[in-house]
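Chemist:
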Amino acid sequence: MAKPGSADRADGAADRMWWRALNDASAGRVVLPEVEPLVREHLRWHPHADAALLRRAHAVAHHLHDGQLRKSGEPYITHPRAVATILAELGMDTATLVAALLHDTVEDTPFTIGQLRADFGDEVAVMVDGVTKLDRSMYGEAAAGETFRKMVLAAAADLRVLLIKLADRVHNLRTLRFQPPHKQRKIAQGTRDLLIPFAERLGVYHLKRELDDLCFEFLEPEAYRATVAARDTARAQDRSELDGVVEHLRAVLAEFRVKADVLVKERHLHSIHSSRGGDLANLDPFAISRISVVVKRDDYRDCYIALGAIHGLWRPLPARFKDFIAVPKYNLYRALHTVVVHSSGRVFDVLVRTAAEYRVSEFGLIAYVADATSADGRRAVTHRPDLEWLRRLLAWQGQADAQDLLAGVRTDLGPDSMVTFTREGDLVTLPKGATPLDFAYTVAPELGDGYMGALVDGRLVSVSTPLRDGSKVEILTGGDSGPSESWLTFVKTGQARVGITRRLARRRLEETAAHGRTRVAAELLDRGIDLIEVESSGVATAVARRLGYPDLDALYAAVGTENVDLGDLVTALLAPR
Ligand code: MN
């Protein structure tokens, strides 16, 4: 059917028919059987969900996108329906699925946010608006830093916006082969740079793995194909040794009275490739697998008992053991990771988690959204104190220049992080190589601004000393020691970079202002007039305002940089009012 505002602008009758059809869809009078698999999946998770609302949203989206095609030649509606299905399979709430179905309507059709709000309510409208704004910045000319800023802001408003964006990207990558090659690379690279770090931060490993592999396929096609071939060869090999390990472990866990499932999980392709540094020679069933122990009792003690059993069976590689239960990762992931050596000399990974944490460790934040009713779900995703990284990003993103923000966020979201502690024992996660200054600015901007020195594990260290994993750090403040340009050469976090740059700029302004003021004072003195009098009478401030400067310092700084002519200014200051 013809769309209003297109070639048929003059044709009022067609417009009216189009809007009437939209009304029918919006009122639930349109029956489209293709939405039913989505409805069934959603009801499987949420038996009392409002299926009619989902059908209505689908019918509206179907009508709005009518006549549009994907690059694959399929009707456009297949895309929002697939995005909603990805989210339904994760158990997301109804409002998120409705927003997913409608996520491209405001951008690509005559539908407005106002109409959307009237039809589907505020919650859905906020999400669609968030996704639309993200899309504009991702495909527009805005710098990557700006895009990042928008992602952070969208996440702050409602993390479900980011989840929709992730599912949207998963489907776009699944159908990326229909795009021209230069676009394939651009979209895959953008996903790797901007979206995968967020997927990891949100703990949504289920989607992150698929995104990893899709980006791998388009960015490193040769390595990707080689990895597929090597994996297939490994799959075809005799698995009896690996099965023996699993049987052995089951028996020993039973002896230790730990009720647990022991499963073999295949690594995803990108992980197979990167975990061996790209060396694909002699891959065997152990190399492409991880053994996953899921203890049934919701008690971490069972995890440690299981770990003891595992380390009793096989020698662990100490440097590879990670305790994400006692020292949690920056996201919601809680598990024990160990790498052990089999008697055959083969090395393999074992993960130990509780069944209750298993869902969280796979789906991250989504585990909370799906379990909550809509209102609680919203709170669950917007006010999570354990998502400290998000709180921190929000705290400083407003002051950062877009380029700094991007650089900072990339480091902050990078995979190499360490854990340090405040004197009170609070965790502070920092990128590897971070210094006491990074620590100070991460904890609080005032601490960074007032930085005088640092005690690391009780010893005074220099400002550029890299901190070590597990350090306890105490920041000493007071005095007037910083900042210095050289600090920018060794800090690792965006927070520190932004804080130092801001203070340097402030100090430069003060110095320039002092210099400008001296020149004004000297010029006035030549005429027998005291600047202090001109200032205290209020005349100087009035002149500054009239010339468009917020205060006297800004005016003096302009004199210092010769943006204001000294002679003109003196004339203005002496002019009779
Ligand atoms: Mn889309």
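Residue numbers (our numbering): 815 to 1391. Ideal placement from N, C-alpha and C gives every residue a C-beta, glycine not left out. In this text the structure is predicted, and so the values were computed from the model without any measurement.
#1: Alpha carbon to alpha carbon, what distance is there between residue 1166 and residue 834?
#2: Taking 6 Å as the limit between beta carbons, can you name the residues of its chain near residue 1063, skipping five residues before and five after?
#3: Below 8 Å, can you find three or more Cβ-Cβ pairs linking the segment 1089–1109 to the segment 1052–1062?
#4: Quick check on DSSP: helix, strand or coil for residue 1005?
#5: Closer than 7 Å: is that where the CB of residue 897 sits relative to any heavy atom of ligand 1?
#6: So, at 6 Å on beta carbons, what are the nonlocal neighbours of residue 1384 in its own chain, with the 5 sequence-adjacent residues on each side left out?
#7: Would you list, in sequence order, the uninterrupted beta strand (DSSP E) runs of no fewer than 3 residues that lie entirely inside the segment 1249–1327?
#8: From the DSSP output, in three-state form, read off residue 912 for me.
#9: In whole angstroms, what separates the C-alpha of residue 1021 from that of residue 1236?
#10: For residue 1372, which residues of its own chain have a beta-carbon under 6 Å away from its beta-carbon, when the five flanking residues on both sides are left out?
#11: Cβ of residue 1176 within 8 Å of Cβ of residue 1019?
#12: Apart from the five residues just before and just after residue 890, which ones in its own chain have a Cβ nearer than 7 Å to its Cβ?
#13: When you compare only the Cα positions, how much space is there between residue 974 and residue 935?
#14: Buried or exposed: which applies to residue 1030, given that a residue is buried once 16 or more other Cβ atoms fall within 10 Å of its Cβ?
#15: Could you give the distance in angstroms between the alpha-carbon of residue 1094 and the alpha-carbon of residue 1260?
#16: Based on Cα-Cα distance, which residue from 931, 923, 913 and 928 lies nearest to residue 945?
#17: For the alpha helix (DSSP H) that contains residue 1151, what are its first and last residues?
#18: To the nearest angstrom, how far is it from the Cα of residue 1244 to the Cα of residue 1310?
#19: Please classify residue 1165: does DSSP put it in a helix, a strand, or coil?
#20: For residue 986, count neighbouring C-beta atoms within 10 Å of its own C-beta (all shown protein chains included) and say buried if the count is 16 or more, exposed if not.
#21: When the Cβ atoms of the segment 1275–1292 are set against those of the segment 1314–1334, are three or more pairs found closer than 8 Å?
#22: Just to confirm, are residue 1070 and residue 1119 a CB contact at a threshold of 8 Å?
#23: Are the segment 1035–1054 and the segment 1149–1160 touching by the rule of at least three beta carbon pairs closer than 8 Å?
#24: If you reduce the DSSP assignment to three classes, tell me which class residue 1419 lands in.
#25: Any heavy atom of ligand 1 closer than 7 Å to the Cβ of residue 982?
#26: Compare the Cα-Cα distances from residue 892 to each of 875, 906, 907 and 1169 and report the closest residue.
#27: Would you kindly report the start and end of the unbroken alpha helix (DSSP H) that includes residue 1079?
#28: Return helix, strand or coil for residue 840, following the three-state DSSP convention.
#29: Where in the segment 1334–1376 do unbroken runs of the alpha helix (DSSP H), each at least 4 residues long, occur, reported from the N-terminal end onward?
#30: Between residue 917 and the rest of its own chain, which residues show a CB-CB distance below 7 Å, the 5 nearest in sequence each way excluded?
#31: Below 8 Å on the Cβ atoms is my guess for residue 877 versus residue 932; work out the distance and round it to an integer in Å.
#32: Give the single residue among 1238, 1307, 1163 and 1303 whose Cα lies nearest to the Cα of residue 1232.
#33: Our contact map puts residue 990 next to residue 1016 with C-beta atoms below 8 Å; I'd like the distance itself, whole angstroms only.
#34: Taking residue 1065 as the reference, give the member of 1032, 1249, 1013 and 1127 with the closest Cα.
#35: Given a cut-off of 8 Å, decide if residue 1131 and residue 1155 are closer than it, judged by their beta-carbon atoms.
#36: Quick one: which unbroken beta strand (DSSP E) runs of 3-plus residues sit fully inside the segment 1083–1122? Chain order, please.
Modeler: According to the data block:
#1: Taking the first residue of the sequence shown as position 1, residue 834 is located at position 20. Taking the first residue of the sequence shown as position 1, residue 1166 is located at position 352. So the two alpha carbons sit approximately 57 Å from each other.
#2: Working through the sequence shown from its first residue, we reach residue 1063 at position 249. These residues qualify, in order along the chain: 1076.
#3: yes
#4: In the sequence shown, residue 1005 corresponds to position 191, counting from 1. If DSSP states are grouped into helix, strand and coil, residue 1005 belongs with the helices.
#5: Along the sequence shown, one-based indexing puts residue 897 at 83. Yes, ligand 1 has a heavy atom inside 7 Å of this Cβ.
#6: Mapped onto the sequence shown, residue 1384 falls at position 570. Answer for residue 1384: 1337, listed in chain order.
#7: 1265–1270, 1273–1275 and 1287–1291
#8: Here residue 912 refers to the residue found at position 98 of the sequence shown. Looking at residue 912 - three-state DSSP - the assignment turns out to be helix.
#9: By 1-based counting over the sequence shown, the position of residue 1021 is 207. By 1-based counting over the sequence shown, the position of residue 1236 is 422. Roughly 34 Å between the two C-alpha positions.
#10: For the purposes of this step, residue 1372 is taken as residue 558 along the sequence shown, with counting starting at 1. These residues qualify, in order along the chain: 1378.
#11: As a working mapping, residue 1176 is identified with position 362 in the sequence shown. As a working mapping, residue 1019 is identified with position 205 in the sequence shown. Closer than 8 Å, so yes.
#12: As a working mapping, residue 890 is identified with position 76 in the sequence shown. Result list for residue 890: 879, 882, 883 and 884, in chain order.
#13: Along the sequence shown, one-based indexing puts residue 974 at 160. Along the sequence shown, one-based indexing puts residue 935 at 121. About 16 Å.
#14: As a working note, residue 1030 is residue 216 in the sequence shown. When all chains shown are included, residue 1030 counts as buried.
#15: Here residue 1094 refers to the residue found at position 280 of the sequence shown. Here residue 1260 refers to the residue found at position 446 of the sequence shown. Each residue's alpha carbon lies about 50 Å from the other.
#16: On the sequence shown, position 131 is the one that residue 945 refers to. For residue 945, the nearest C-alpha among the options comes from 913.
#17: Counting from 1 along the sequence shown, the entry for residue 1151 is found at position 337. Careful: residue 1151 lies outside any alpha helix (DSSP H), inside the beta strand (DSSP E) at 1150–1155.
#18: Residue 1244 sits at position 430 when you count from the first residue of the sequence shown. Residue 1310 sits at position 496 when you count from the first residue of the sequence shown. About 11 Å.
#19: Translated into positions along the sequence shown, residue 1165 becomes position 351. In this structure, residue 1165 counts as strand in the three-state DSSP scheme.
#20: Along the sequence shown, read from residue 1 onward, the residue named residue 986 stands at position 172. Per the 10 Å Cβ criterion, buried.
#21: no
#22: As a first step, residue 1070 must be located in the sequence shown, where it is residue number 256. As a first step, residue 1119 must be located in the sequence shown, where it is residue number 305. The answer is yes: Cβ separation under 8 Å.
#23: no
#24: Examination of residue 1419 is not possible in this model, given that the chain is present from 815 through 1391 alone.
#25: Indexing the sequence shown from 1 puts residue 982 at position 168. Result yes, Cβ under 7 Å from ligand 1.
#26: Here residue 892 corresponds to residue number 78 of the sequence shown, with the count starting at 1. Nearest C-alpha to residue 892: 875.
#27: Numbered from 1 along the sequence shown, position 265 holds the residue referred to as residue 1079. Not the alpha helix (DSSP H): residue 1079 falls in the beta strand (DSSP E), residues 1074–1080.
#28: Residue numbering aside, residue 840 sits at position 26 when the sequence shown is read from its first letter. Three-state result, residue 840: helix.
#29: 1345–1350, 1353–1360 and 1366–1374
#30: Numbered from its first residue, the sequence shown carries residue 917 at position 103. Taken in chain order, the residues that qualify are 894, 897, 942, 945, 978 and 982.
#31: As a first step, residue 877 is located in the sequence shown; it is residue number 63 there, counting from the start. As a first step, residue 932 is located in the sequence shown; it is residue number 118 there, counting from the start. That belief does not hold up - the Cβ atoms of residue 877 and residue 932 are roughly 16 Å apart, past 8 Å.
#32: Locating residue 1232 in the sequence shown gives position 418, counting from the first residue. Checking every option, the nearest Cα to that of residue 1232 belongs to 1307.
#33: One-based indexing of the sequence shown puts residue 990 at position 176. One-based indexing of the sequence shown puts residue 1016 at position 202. So it is not a contact: roughly 22 Å between Cβ atoms.
#34: Numbered from its first residue, the sequence shown carries residue 1065 at position 251. Residue 1127 is the option with its Cα nearest to residue 1065.
#35: Position 341 of the sequence shown, counting from 1, holds the residue named residue 1155. Position 317 of the sequence shown, counting from 1, holds the residue named residue 1131. Cβ distance < 8 Å, so residue 1155 and residue 1131 count as in contact.
#36: 1103–1109
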